[in-house]
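Novice:
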Amino acid sequence: MRKDIDILVHEVGPRDGLQSIDTIFLTEAKLEWIRAEAAAGVPQIQVGSFVRPDLLPQMADSAEVVRESIKIPGLTVSALVPNLKGAQNAIAAGAHQLGVVMSVSEAHNKSNINRTVEESLDGFRQIVEYRNEADPDRKTVISGGLATSFGCTISGPVPVSDVMRQAERLLELGADRLNVADTVGFANPKQVKDLFDELFRTVGDDVPVGAHFHDTRGLGLANAFAAVEAGVRELDSCLGGLGGCPYAPGASGNVVTEDMVFMLEAMGLKTGVDLDALLETRELMVRHLKDEPTQGTFVTAGPPLGFVPATAA
Ligand SMILES: [Zn+2]
Numbered sequence: 001m002r003k004d005i006d007i008l009v010h011e012v013g014p015r016d017g018l019q020s021i022d023t024i025f026l027t028e029a030k031l032e033w034i035r036a037e038a039a040a041g042v043p044q045i046q047v048g049s050f051v052r053p054d055l056l057p058q059m060a061d062s063a064e065v066v067r068e069s070i071k072i073p074g075l076t077v078s079a080l081v082p083n084l085k086g087a088q089n090a091i092a093a094g095a096h097q098l099g100v101v102m103s104v105s106e107a108h109n110k111s112n113i114n115r116t117v118e119e120s121l122d123g124f125r126q127i128v129e130y131r132n133e134a135d136p137d138r139k140t141v142i143s144g145g146l147a148t149s150f151g152c153t154i155s156g157p158v159p160v161s162d163v164m165r166q167a168e169r170l171l172e173l174g175a176d177r178l179n180v181a182d183t184v185g186f187a188n189p190k191q192v193k194d195l196f197d198e199l200f201r202t203v204g205d206d207v208p209v210g211a212h213f214h215d216t217r218g219l220g221l222a223n224a225f226a227a228v229e230a231g232v233r234e235l236d237s238c239l240g241g242l243g244g245c246p247y248a249p250g251a252s253g254n255v256v257t258e259d260m261v262f263m264l265e266a267m268g269l270k271t272g273v274d275l276d277a278l279l280e281t282r283e284l285m286v287r288h289l290k291d292e293p294t295q296g297t298f299v300t301a302g303p304p305l306g307f308v309p310a311t312a313a
């Protein structure tokens with residue numbers, strides 16, 4: 001990770017946000033958003049998902065968006081991939097990082113990608129092998145996803161031991177890093193702190209671990225804070241909290257990027273992000289939306305008197 005920042009903000013709006021709203025963003029609109037947010041200092045953006053276009057038309061232009069986004073200086077471009085085919089297409093387009101989709105909950109994995117967890121782990125092994133052949137320098141980073149780590153809409157509570165076992169398996173199979181996700185917004189801050197403490201005890205402190213929270217029940221920022229307290233240095237978020245939750249109609253989406261950047265900067269943690277430029281990016285994104293709601297409080301309240309962001313200090 002870059003030495004000049006304390007926490008890496010990983011914007012996932014162009015993927016997690018857009019995939020759950022009705023407005024179709026044209027490729028140029030996505031790129032305008034991505035370029036502006038990178039210019040605001042956001043170091044990593046998930047720009048698309050290499051799923052079958054008939055399943056998710058919103059993501060049909062992901063290869064083109066990746067090819068254009070990797071031209072932005074300094075930006076790490078990540079993409080979600082559900083299987084080997086998606087990984088091959090993402091690597092061909094030049095994605096810097098692949099986030100491989102997989103749930104800890106057997107029932108959720110089956111309903112989401114129609115595979116058993118064991119089949120998903122085998123698919124993960126194939127993706128790593130393909131990367132190692134196609135890219136012997138291993139410049140393309142592979143992140144092992146642990147969706148539903150804090151609970152599942154089908155089977156309820158997910159045992160921490162299941163999360164640990166799957167994390168270890170992913171690392172054995174060659175994951176460069178892990179992404180632990182509260183896919184359906186079930187987590188609370190104590191649970192988050194305990195799970196990440198346990199995870200670092202299990203896999204060691206030197207494995208890069210990202211955290212992905214949804215604000216479904218209003219605990220998104222509190223959970224992000226708890227993850228930071230446990231030692232997590234990479235957080236996913238979504239500009240304007242765009243998107244929602246497919247399992248809870250009307251619920252809000254990911255943690256709001258601008259609110260999270262404000263929290264981190266106010267706590268003295270450098271993100272490298274300029275909040276004014278981030279709000280301008282938000283405005284630009286909102287102009288492309290039709291009726292979709294956005295979330296967030298920093299946009300309305302602005303900074304408190306005397307606020308000095310850590311990045312500027
Ligand atoms: Zn998500």
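Numbering (my numbering), first residue to last: 1 to 313.
C-beta atoms are modelled at their ideal positions from N, C-alpha and C, and glycine is treated no differently.
1) Given a cut-off of 7 Å, decide if K193 and A230 are closer than it, judged by their beta-carbon atoms.
2) Return helix, strand or coil for A87, following the three-state DSSP convention.
3) Are L239 and R177 closer than 7 Å when you measure CB to CB?
4) For a test of your reading of the model: does the CB of D16 fall under 6 Å from any non-hydrogen atom of ligand 1? Yes or no.
5) Specify whether the stretch 185-199 and the stretch 216-234 touch according to this definition: at least 3 beta carbon pairs, one from each stretch, less than 8 Å apart.
6) Mapping DSSP to helix, strand and coil, what is F307?
7) Given a cut-off of 7 Å on the beta-carbon distance, is the pair G151 and V158 in contact?
8) So, with DSSP's three-state summary, where would you put T183?
9) If you pair each beta-carbon of the stretch 55-73 with each one of the stretch 290-303, do three or more pairs fall below 8 Å?
10) Put Q46 into one of helix, strand or coil per three-state DSSP.
11) Residues bridged to E234 by DSSP?
12) Name, in chain order, the residues that DSSP records as bridge partners for I142.
13) Go through its chain and collect everything with a Cβ distance to G268's Cβ below 6 Å, but skip five positions before and after it.
14) Take D135 as the anchor and find which of P82, A95 and S120 has the nearest alpha-carbon.
15) Please work out which residues of its chain come closer than 6 Å, Cβ to Cβ, to F314, disregarding the five sequence neighbours upstream and downstream, and give them in chain order.
16) Can you name the residues that DSSP bridges to G156?
17) Taking buried to mean at least 16 other C-beta atoms within 10 Å of its own C-beta, is P43 buried or exposed?
18) Thinking C-beta only, is I45 closer than 7 Å to R233?
19) Going by the DSSP bridge assignment, what does S120 pair with across the sheet?
20) Looking at C-alpha atoms only, which residue of L284, F307 and L279 is the closest neighbour of T300?
21) Check whether the stretch 112-127 and the stretch 60-77 are in contact - that is, three or more C-beta pairs closer than 8 Å.
22) Do you know how far the Cα of A167 is from the Cα of E106?
23) Start and end of the beta strand (DSSP E) containing V77?
24) With DSSP as the reference, please indicate the residues paired to N114 in a beta bridge.
25) Under the assumption that A92 contacts V81 (Cβ atoms under 8 Å), give the Cβ distance between them as a whole number of angstroms.
26) Using a threshold of 7 Å, state whether the C-beta atoms of G296 and D236 are closer than that.
27) Would you report the Cα separation of I34 and V47, rounded to the nearest angstrom?
28) Would a C-beta distance cut-off of 7 Å place I113 and A87 closer than the cut-off?
29) Quick check on the DSSP output: the alpha helix (DSSP H) that includes R287 runs from which residue to which?
30) Given the structure, does S49 come close to ligand 3, in the sense that its CB is under 6 Å from one of the ligand's heavy atoms?
31) Quick check: what's the CA-CA separation for D4 versus F307?
32) Report back the beta-carbon spacing between A277 and A29 to the nearest angstrom; my notes put them in contact at under 8 Å.
33) Taking S20 and G244 to be in contact with their CB atoms under 8 Å, please state how far apart those CB atoms are, rounded to whole angstroms.
34) Among residues of its own chain, excluding the 5 on either side of V141, which ones have a beta-carbon nearer than 6 Å to its beta-carbon?
Specialist: In this structure, then:
1) In this structure, K193 lies closer than 7 Å to A230 by Cβ.
2) If DSSP states are grouped into helix, strand and coil, A87 belongs with the helices.
3) Not a contact, by the Cβ cut-off of 7 Å.
4) It does: the Cβ of D16 is within 6 Å (strictly closer) of some heavy atom of ligand 1.
5) Yes, they touch.
6) F307 sits in coil when the DSSP states are folded into three classes, being neither helix nor strand.
7) Their beta carbons are under 7 Å apart, which means G151 touches V158 by this criterion.
8) When secondary structure is reduced to three states using DSSP, T183 falls in the coil class, being assigned neither helix nor strand.
9) They do not touch, by the three-pair rule.
10) DSSP places Q46 in strand when its eight states are reduced to three.
11) L8 and G210, per the DSSP bridge assignment.
12) Answer is L98, bridged to I142.
13) Taken in chain order, the residues that qualify are A310.
14) When only C-alpha atoms are compared, the closest one is A95.
15) What is shown of the chain runs 1 to 313, which leaves residue 314 out entirely.
16) Answer is C152.
17) The residue in question, P43, is buried, as its Cβ has 16 or more Cβ neighbours within 10 Å.
18) No, Cβ-Cβ distance for R233 and I45 is not below 7 Å.
19) According to DSSP, S120 bridges with nothing at all.
20) Among L284, F307 and L279, the Cα nearest to that of T300 is on L279.
21) Judged by Cβ distances under 8 Å, the stretch 112-127 makes no contact with the stretch 60-77, as fewer than three pairs qualify.
22) The alpha-carbon atoms of E106 and A167 are separated by roughly 15 Å.
23) V77 -> beta strand (DSSP E) spans T76 to V81.
24) Per DSSP, none; premise fails for N114.
25) Their Cβ separation, rounded to whole angstroms, is 12 Å, which puts A92 and V81 out of contact at 8 Å.
26) D236 is positioned such that its CB atom lies no closer than 7 Å to that of G296.
27) Rounded to the nearest angstrom, the two C-alpha atoms are 8 Å apart.
28) Taking 7 Å as the Cβ cut-off, I113 and A87 do not qualify as a contacting pair.
29) Note, R287: alpha helix (DSSP H), L275 to H288.
30) This structure does not include ligand 3; its bound ligands are ligand 1.
31) One C-alpha to the other measures close to 20 Å.
32) With 8 Å as the limit, A277 and A29 do not qualify as a contact, their Cβ atoms being about 18 Å apart.
33) Yes, S20 and G244 are in contact; Cβ-Cβ is about 5 Å, under 8 Å.
34) Answer for V141: Q97 and D176, listed in chain order.
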